[in-house]
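K.L.:
First residue of the sequence shown: 1, per the UniProt record's numbering; consecutive thereafter.
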Amino acid sequence: MKKEKCCDHTNEVERVKKNIVCDETLYDVAELFKAFADTTRIKIISVLKDDELCVGAISELINVSQSAVSHQLRALRNAKIVKSRREGKQIYYLLDDEHIKKIYDMGLEHIVKG
(Lines of atoms letter the chains of each structure in order from A and count residues from 1; the text may use other names and numbers.)
(Lines give C-alpha, C1' and ligand atoms only; values in the text may rest on other atoms or scores of the structure.)
Protein backbone atom coordinates (compact mmCIF):
# COMPACT_ATOMS: atom_id res chain seq x y z
CA MET A 1 0.00 0.00 0.00
CA LYS A 2 1.38 3.37 -1.00
CA LYS A 3 1.64 6.04 1.71
CA GLU A 4 0.06 9.37 0.76
CA LYS A 5 2.35 12.33 0.81
CA CYS A 6 1.39 14.90 3.42
CA CYS A 7 1.32 18.58 2.67
CA ASP A 8 4.19 20.76 3.82
CA HIS A 9 3.13 22.57 6.98
CA THR A 10 6.58 23.61 8.19
CA ASN A 11 5.79 27.33 8.15
CA GLU A 12 2.56 26.95 10.10
CA VAL A 13 4.18 24.68 12.68
CA GLU A 14 7.08 27.08 13.22
CA ARG A 15 4.71 30.05 13.54
CA VAL A 16 2.50 28.29 16.09
CA LYS A 17 5.47 26.90 18.04
CA LYS A 18 6.49 30.45 18.93
CA ASN A 19 3.17 30.99 20.75
CA ILE A 20 2.70 27.63 22.48
CA VAL A 21 2.02 28.00 26.18
CA CYS A 22 3.90 25.72 28.57
CA ASP A 23 2.14 22.62 29.92
CA GLU A 24 2.13 23.90 33.51
CA THR A 25 0.22 27.04 32.51
CA LEU A 26 -2.24 25.02 30.43
CA TYR A 27 -2.78 22.74 33.44
CA ASP A 28 -3.62 25.81 35.55
CA VAL A 29 -6.08 27.05 32.90
CA ALA A 30 -7.75 23.62 32.85
CA GLU A 31 -8.03 23.73 36.66
CA LEU A 32 -9.65 27.16 36.44
CA PHE A 33 -12.28 25.86 34.03
CA LYS A 34 -12.86 22.77 36.18
CA ALA A 35 -13.82 25.14 39.00
CA PHE A 36 -16.51 26.59 36.71
CA ALA A 37 -17.80 23.09 35.92
CA ASP A 38 -20.16 22.78 38.88
CA THR A 39 -23.70 24.19 39.00
CA THR A 40 -23.49 25.24 42.64
CA ARG A 41 -20.19 27.05 42.06
CA ILE A 42 -21.65 28.82 39.01
CA LYS A 43 -24.65 29.89 41.10
CA ILE A 44 -22.28 31.29 43.72
CA ILE A 45 -20.33 33.17 41.04
CA SER A 46 -23.58 34.55 39.63
CA VAL A 47 -24.68 36.04 42.97
CA LEU A 48 -21.20 37.38 43.73
CA LYS A 49 -20.93 38.98 40.29
CA ASP A 50 -22.05 42.40 41.49
CA ASP A 51 -21.94 42.14 45.29
CA GLU A 52 -19.97 40.75 48.18
CA LEU A 53 -22.02 38.47 50.40
CA CYS A 54 -21.70 36.30 53.50
CA VAL A 55 -22.29 32.53 53.45
CA GLY A 56 -25.80 32.90 54.88
CA ALA A 57 -26.89 35.33 52.16
CA ILE A 58 -25.36 33.18 49.42
CA SER A 59 -27.07 30.11 50.87
CA GLU A 60 -30.44 31.84 50.91
CA LEU A 61 -30.07 33.24 47.39
CA ILE A 62 -29.11 29.96 45.73
CA ASN A 63 -31.21 27.72 48.00
CA VAL A 64 -28.29 25.50 49.09
CA SER A 65 -27.23 24.69 52.66
CA GLN A 66 -24.62 26.89 54.32
CA SER A 67 -22.40 23.84 54.71
CA ALA A 68 -22.53 23.11 50.97
CA VAL A 69 -21.90 26.79 50.15
CA SER A 70 -18.88 26.86 52.48
CA HIS A 71 -17.51 23.72 50.84
CA GLN A 72 -17.86 25.22 47.35
CA LEU A 73 -16.44 28.58 48.47
CA ARG A 74 -13.34 26.74 49.64
CA ALA A 75 -12.93 25.23 46.16
CA LEU A 76 -13.50 28.64 44.55
CA ARG A 77 -10.96 30.26 46.88
CA ASN A 78 -8.39 27.57 46.07
CA ALA A 79 -8.95 28.26 42.37
CA LYS A 80 -8.51 32.02 43.00
CA ILE A 81 -12.03 32.71 41.77
CA VAL A 82 -13.29 34.26 45.01
CA LYS A 83 -11.62 36.07 47.85
CA SER A 84 -12.86 36.99 51.28
CA ARG A 85 -12.66 39.79 53.81
CA ARG A 86 -13.48 39.71 57.48
CA GLU A 87 -15.67 42.28 59.19
CA GLY A 88 -15.83 41.43 62.88
CA LYS A 89 -17.04 37.83 63.08
CA GLN A 90 -18.57 37.91 59.61
CA ILE A 91 -16.70 36.87 56.47
CA TYR A 92 -17.75 38.36 53.15
CA TYR A 93 -16.96 36.81 49.79
CA LEU A 94 -16.48 38.51 46.44
CA LEU A 95 -15.11 37.61 43.04
CA ASP A 96 -11.33 37.71 42.95
CA ASP A 97 -11.11 40.15 40.03
CA GLU A 98 -12.79 41.45 36.89
CA HIS A 99 -11.45 38.52 34.83
CA ILE A 100 -13.73 36.10 36.67
CA LYS A 101 -16.74 38.32 36.00
CA LYS A 102 -15.79 38.50 32.30
CA ILE A 103 -15.41 34.71 32.04
CA TYR A 104 -18.83 34.23 33.64
CA ASP A 105 -20.45 36.94 31.48
CA MET A 106 -18.96 35.51 28.28
CA GLY A 107 -20.15 32.00 29.14
CA LEU A 108 -23.63 33.26 29.94
CA GLU A 109 -23.77 35.31 26.74
CA HIS A 110 -22.61 32.30 24.70
CA ILE A 111 -25.45 30.18 26.11
CA VAL A 112 -28.21 32.81 26.12
CA LYS A 113 -27.51 34.40 22.74
CA GLY A 114 -26.26 31.21 21.14
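We treat Cβ as the ideally placed atom computed from N, Cα and C, and that holds for glycine.
Near A35, what residues of its chain come up, given a Cβ to Cβ distance below 7 angstroms and the 5 sequence neighbours on each side ignored?
P.N.:
Hits under 7 angstroms: R41, A75, L76, A79 and I81.
K.L.:
Along the alpha helix (DSSP H) that carries E98, what are the first and last residues, could you check?
P.N.:
E98 -> alpha helix (DSSP H) spans E98 to K113.
K.L.:
In whole angstroms, what is the alpha-carbon distance linking C22 and V55?
P.N.:
Going by the C-alpha atoms only, they are around 37 angstroms apart.
K.L.:
Quick one: what's got a C-beta closer than 7 angstroms to D96's C-beta in the same chain, skipping five residues either side?
P.N.:
K80, I81, V82 and K83.
K.L.:
Taking the alpha-carbon positions, what's the Y92 to E24 distance?
P.N.:
When rounded, the distance between both Cα atoms is 31 angstroms.
K.L.:
Any beta carbon from chain C within less than 8 angstroms of C6's own beta carbon?
P.N.:
Protein chains in the displayed structure number just one, and chain C is not present.
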